[in-house]
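So the structure is just underneath, and the comments pick up after that.
Residue numbers (our numbering): 2 to 331.
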């Protein structure tokens with residue numbers, strides 16, 4: 002699919018910027034949909050090498066606006082839809098914005114893709130739609146449990162995507178990454194939160210609940226799975242996990258990082274970072290059998306190697322200064 006014209010929404014964000022960079026390196030013609038702002042900021046794309054950025058067509062807009070989405074979709078063959086509000090604590094505060102962006106925004110993408118007869122549409126879901134695991138490893142048939150407004154909005158987005166496949170034969174695949182981490186990730190996620198506090202020399206590392214487990218996947222492996230799925234016709238109309246078939250607790254990861262960066266630091270519980278009890282997802286452990294069966298994909302990075310590369314990136318002073326480690330980021 003070299004030189005295929007692709008649209009990446011949420012290209013200015015964490016996974017979106019890595020996916021955009023990767024697709025450019027593979028020879029795709031990439032149009033990057035970035036959130037419009039008066040600062041003319043393209044988010045993490047601004048940090049890419051000039052020779053990479055020069056190959057990207059930037060489109061600024063808002064996925065909540067169907068008119069701009071329709072313009073962005075012109076001439077596109079494959080859509081990677083990643084634009085979303087993703088912070089769980091902020092969804093308690095502003096649930097309306099999650100419905101507008103995640104559900105209505107996805108609807109706008111689907112409508113425009115249908116109008117323009119796009120060849121493939123990948124809608125990005127989240128492992129949070131499963132809630133706390135009822136059985137493990139979690140496969141695509143696991144029940145959906147809306148344990149936060151964020152999760153509910155993504156379940157809604159997935160459902161509307163599935164309906165467009167069933168009703169209009171739109172070639173949609175629902176892509177469900179588990180807990181992706183790596184360079185450029187927001188400090189609202191627990192790994193950047195731990196690393197940035199440690200690198201800033203904090204003696205007390207503030208975290209929420211340490212007991213939940215997560216299936217941690219390196220972002221460079223995640224984006225390769227996206228491309229593999231887009232090139233696999235047998236996954237049209239399907240939901241597919243991107244996972245590692247493993248789990249590790251937040252507390253264990255915190256101890257590993259503490260030993261690597263500052264063994265004298267102390268981990269403390271910050272009650273402001275605790276989710277309501279019935280909202281916390283205590284166990285995520287994904288089944289990637291479907292992905293591997295259809296795509297022959299497997300993670301290339303070990304957890305240890307991925308974590309080391311992530312710490313190295315955050316250790317760069319220019320990168321670290323972009324994070325406000327002392328402020329709890331919803």
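Think of the CB as a built atom: it goes at the ideal place given N, C-alpha and C, for glycine as much as any other residue.
Nearest-angstrom Cα distance between residue i and residue j?
i	j	result
residue 91	residue 9	24 angstroms
residue 3	residue 227	Only weak support is given to the placement of residue 3: the predicted model assigns it a pLDDT of 48, under 50, and the value that follows is read from those uncertain coordinates. One C-alpha to the other measures close to 15 angstroms.
residue 148	residue 216	18 angstroms
residue 33	residue 6	11 angstroms
residue 54	residue 185	16 angstroms
residue 104	residue 125	12 angstroms
residue 152	residue 51	37 angstroms
residue 160	residue 112	14 angstroms
residue 163	residue 173	7 angstroms
residue 15	residue 249	22 angstroms
residue 69	residue 123	19 angstroms
residue 23	residue 140	27 angstroms
residue 274	residue 95	17 angstroms
residue 17	residue 39	21 angstroms
residue 330	residue 189	5 angstroms
residue 86	residue 145	19 angstroms
According to DSSP, simplified to helix, strand and coil, what is residue i?
i	result
residue 253	helix
residue 3	Unreliable positioning characterises residue 3 in this predicted model, as indicated by a pLDDT of 48, which lies under 50. The coordinate reading is nonetheless provided below. Here residue 3 sits in coil by DSSP.
residue 267	strand
residue 301	coil
residue 10	strand
residue 310	helix
residue 62	strand
residue 117	coil
residue 218	strand
residue 207	strand
residue 31	strand
residue 22	helix
residue 82	strand
residue 224	helix
residue 279	coil
residue 237	coil
residue 331	coil
residue 139	strand
residue 71	helix
If contacts are defined as beta-carbon pairs under 8 angstroms, then residue i and residue j qualify, I think. What distance do you get, rounded to the angstrom?
i	j	result
residue 67	residue 41	Not confirmed; about 23 angstroms, so no contact.
residue 225	residue 302	About 10 angstroms; that fails the 8 angstroms criterion.
residue 197	residue 208	Between residue 208 and residue 197 the Cβ distance is about 12 angstroms, and since that is not below 8 angstroms, they are no contact.
residue 322	residue 241	38 angstroms between Cβ atoms; not a contact.
residue 143	residue 236	Not a contact, Cβ separation roughly 18 angstroms.
residue 181	residue 223	5 angstroms
residue 251	residue 179	Actually they do not touch by this definition, with Cβ atoms about 14 angstroms apart.
Going by Cα to Cα distance, which pick from the options is closest to residue i?
i	options	result
residue 89	315, 167, 99 and 240	99
residue 382	246, 262, 297 and 231	Given that the chain is displayed from residue 2 to residue 331, the structure contains no residue 382 and the question cannot be resolved.
residue 298	51, 244 and 209	244
residue 116	144, 174, 73 and 208	73
residue 77	261, 131, 121 and 295	121
residue 59	37, 300 and 50	37
residue 83	102, 292 and 49	102
residue 157	204, 168 and 106	106
residue 267	205, 96 and 43	205
residue 129	324, 326, 284 and 291	284
residue 169	119, 251 and 190	119
residue 257	308, 272 and 25	308
residue 282	61, 28 and 131	131
residue 253	183, 62 and 305	305
residue 278	29, 210 and 135	210
residue 20	319, 318 and 219	219
residue 320	259, 150, 261 and 49	49
residue 203	214, 233, 259 and 93	259
residue 97	261, 276 and 150	150
residue 187	328, 255, 62 and 61	328
residue 214	314, 313 and 134	134
Just to confirm my understanding: we take residue i, look at its own chain, exclude 5 residues before and 5 after, and list those with CB closer than 7 angstroms. What are they?
i	result
residue 316	200
residue 138	246, 286, 287 and 288
residue 114	74, 80, 122 and 171
residue 64	10, 70, 84, 102, 106, 109 and 110
By Cβ distance below 6 angstroms, which residues in the same chain neighbour residue i in space, the five residues on each side in sequence not counted?
i	result
residue 127	155
residue 326	197, 198 and 201
residue 238	166
residue 183	219, 220 and 311
For residue i, I'd like the list of residues in its chain whose CB is within less than 8 angstroms of its CB, leaving aside the five on either flank, ordered along the chain.
i	result
residue 332	Because the chain spans 2 through 331 in this model, residue 332 falls outside it and cannot be assessed.
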